[in-house]
Amino acid sequence: MRTEVHDRPMWLTLAAMLVAAALALWLLIRPELLSGLPMFLRMPAIGLGVWALGAAFMQPLGLGFRRHWLRRATNPPWSWAVLGSFAVIVVIRAFWLA
32 MRTEVHDRPM
42 WLTLAAMLVA
52 AALALWLLIR
62 PELLSGLPMF
72 LRMPAIGLGV
82 WALGAAFMQP
92 LGLGFRRHWL
102 RRATNPPWSW
112 AVLGSFAVIV
122 VIRAFWLA
């Protein structure tokens with residue numbers, strides 16, 4: 032039997048999940064933040080959002096990938112960097128439309 036030890040503080044994982052939940056709710060309330068972009072910018076933004084929100088919700092559930100590059104892309108620090116960059120995009124877009 033194999034046991035994994037998580038060396039990351041639990042509050043960082045919880046904070047990432049809360050930020051992802053807030054972004055998801057914000058985009059449900061104001062979908063024009065992404066849908067108002069031109070198509071060549073919208074598709075990368077949606078892809079980045081799927082990666083960021085999916086990785087943030089995947090970590091607390093203990094889910095992981097077997098392939099090394101997928102596991103590395105969905106675990107910190109990459110997942111936190113992607114979540115932060117997606118949050119910055121959404122916030123800048125919200126200020127731009129306001």
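Going by our numbering, the sequence shown runs without a break in its numbering and finishes at 129.
Cβ atoms here follow ideal geometry from the backbone N, Cα and C, with glycine treated the same way.
As the structure is a computational prediction, the values presented were derived from the model and not from experiment.
On the three-state DSSP scale, how would you describe residue i?
| i | result |
| --- | --- |
| V98 | Checking the sequence, you will find Arg at residue 98 rather than Val. In the structure shown, R98 sits in coil (DSSP, three-state: anything other than H, G, I, E or B). |
| P107 | coil |
| A47 | helix |
| P91 | helix |
| G67 | coil |
What is the C-beta distance between residue i and residue j, in whole angstroms, given that I count them as a contact (C-beta under 8 angstroms)?
| i | j | result |
| --- | --- | --- |
| A76 | L68 | 6 angstroms |
| A87 | A47 | 5 angstroms |
Which same chain residues end up closer than 7 angstroms to residue i when comparing Cβ atoms and leaving out the 5 residues on each side of it in sequence?
| i | result |
| --- | --- |
| W82 | V113 |
Can you list, in chain order, the residues of its chain whose CB lies under 8 angstroms from that of residue i, leaving out five sequence neighbours each side?
| i | result |
| --- | --- |
| L66 | In the sequence on display, residue 66 carries Ser and not Leu. R73, listed in sequence order. |
Could one say the Cβ of residue i lies closer than 8 angstroms to chain D's Cβ atoms, at least one of them?
| i | result |
| --- | --- |
| F126 | Within the model displayed, chain D is absent; a lone protein chain is all it includes. |
Short of 6 angstroms in beta carbon distance, which residues of its chain neighbour residue i, apart from the five on each side in sequence? Order them along the chain.
| i | result |
| --- | --- |
| S110 | A86 |
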